[in-house]
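Visitor:
In our numbering, the protein residues as written are 8 to 136.
(1) Whole-angstrom Cβ separation of residue 102 and residue 69, contact assumed at under 8 Å?
(2) For residue 59, which residues in the same chain have their Cβ closer than 6 Å to its Cβ, ignoring the five residues on either side in sequence?
(3) Compute the distance between the beta-carbons of residue 53 and residue 62, then report whether it is under 9 Å.
(4) Apply the 10 Å Cβ neighbour rule to residue 31 and answer buried if 16 or more other Cβ atoms are within range, or exposed otherwise.
(5) When the Cα atoms are used, what is the spatial distance from residue 133 to residue 99?
(6) Along the chain, where does the alpha helix (DSSP H) containing residue 47 start, and where does it finish?
(7) For the 8 Å Cβ check, are there 3 or more pairs between the stretch 106 to 115 and the stretch 86 to 97?
(8) Please report the distance separating the alpha-carbon of residue 48 from that of residue 96.
(9) So, helix, strand or coil for residue 63, using DSSP?
(10) For residue 33 and residue 81, which I take to be in contact (beta-carbon distance under 8 Å), what is that distance rounded to the nearest angstrom?
Spelled out as structure tokens, the structure:
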């Protein structure tokens, strides 16, 4: 080995991702293997969600939802050159989007534009005085 050059013997976890065997076992229904994936990635998923929603309790709820979805869909996971964590981030992003859609306030368009249910419309008032 040359002076000042470090020998790399393994990739960091975030680059290499979890051992493919752990994913394969989780896909076959091994709950212990899925728990291992959870333990490896819960902190990263939580931090991502906290950054997105800014509220710790919401981030905790969403993290639970992410891993529930991941567990339900683990058999569909396919390696595509990205880490398992990238798949979890995709699920997390979708969970945040779904929650925001559910929480979006509904606007009653009739009332928003000044149309009273029992009275004349703005058009009728303009035409008939």
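The beta carbon of each residue, even a glycine, is placed where N, CA and C say it ideally should be.
Guide: On the basis of the data shown:
(1) Between residue 102 and residue 69 the beta-carbon gap is near 5 Å, inside 8 Å, which marks them as a contact.
(2) 103
(3) no
(4) exposed
(5) 51 Å
(6) 38 to 60
(7) no
(8) 10 Å
(9) helix
(10) 5 Å
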